Amino acid sequence: MIELEVRFNTENILNALDKLEMNVENAGPEIVDRTLWELRDACMLICPSPTSTHYQTNSSGTLRDSHEITHIDRLSGMVKPTAFYAVFVHMGTLYIPARPWLDLAASQAEASINAWIHNKLQEIVNQSSA
70 MIELEVRFNT ENILNALDKL EMNVENAGPE IVDRTLWELR DACMLICPSP TSTHYQTNSS
130 GTLRDSHEIT HIDRLSGMVK PTAFYAVFVH MGTLYIPARP WLDLAASQAE ASINAWIHNK
190 LQEIVNQSSA
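Start counting the sequence shown at 70; every next residue gets the next number (this note's numbering).
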């Protein structure tokens, strides 16, 4: 009879997992910042304005330029327009049709954001296993 004994050094595996967890946690703020900037750029590109790729208007561009990034905590934040009339443009009124650029910007930016996050996580895994 032939016997084969396999032993794993679980200490090395657990150390690598701890290192991976720490590296992912440390990268969290960078991932959040990059995501917020990508979303902000997409919002400004699509927002109704003279330079919009989707809703061109003869406006001054004030709404487009009012998008700001707000950090809620270390791992979350938001992009929002600060122009007081943004909600009326986005949602529409009785007299003005809705131009929901925020939803459109988020969906258009999603693929590039996900690709960047995937690459960043792959980089972290490679660093953690080295």
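Heads up, the beta-carbon is just placed ideally off N, CA and C, and yes, glycines get one too.
Please read all numbers here as calculations on a predicted model, not as lab measurements.
Outcome for residue i when other beta-carbon atoms lying within 10 angstroms are tallied against a minimum of 16
i: I193; result: buried
i: V156; result: exposed
i: R76; result: exposed
i: W106; result: exposed
i: P119; result: exposed
i: A178; result: buried
i: H187; result: exposed
Where residue i sits in the DSSP three-state scheme
i: H140; result: strand
i: P150; result: strand
i: R103; result: helix
i: E90; result: helix
i: F157; result: helix
i: S135; result: coil
i: V194; result: helix
i: I165; result: coil
i: L73; result: coil
Candidates the options, of which the one nearest residue i by Cα
i: H159; options: I115, T120, D110, N183; result: I115
i: K189; options: M70, A178, Y124, N95; result: N95
i: H140; options: T104, A178, I71; result: T104
i: A174; options: A85, S121, Y164; result: S121
i: P169; options: C112, E99, W185; result: C112
i: I182; options: D87, E72, L108; result: L108
i: V148; options: A85, I100, L83, L171; result: L171
i: D201; options: E137, E80, D87, Q125; result: The displayed coordinates of the chain run from 70 to 199. Any statement about residue 201 would go beyond what the structure contains.
i: P166; options: T151, Y124, A180, S176; result: Y124
Residues bridged to residue i [DSSP beta-bridge criterion]
i: S145; result: D142
i: S118; result: Q125
* Flag this pair as touching only if the segment 142 to 149 and the segment 125 to 133 have three or more C-beta atom pairs under 8 angstroms; answer yes or no. => no
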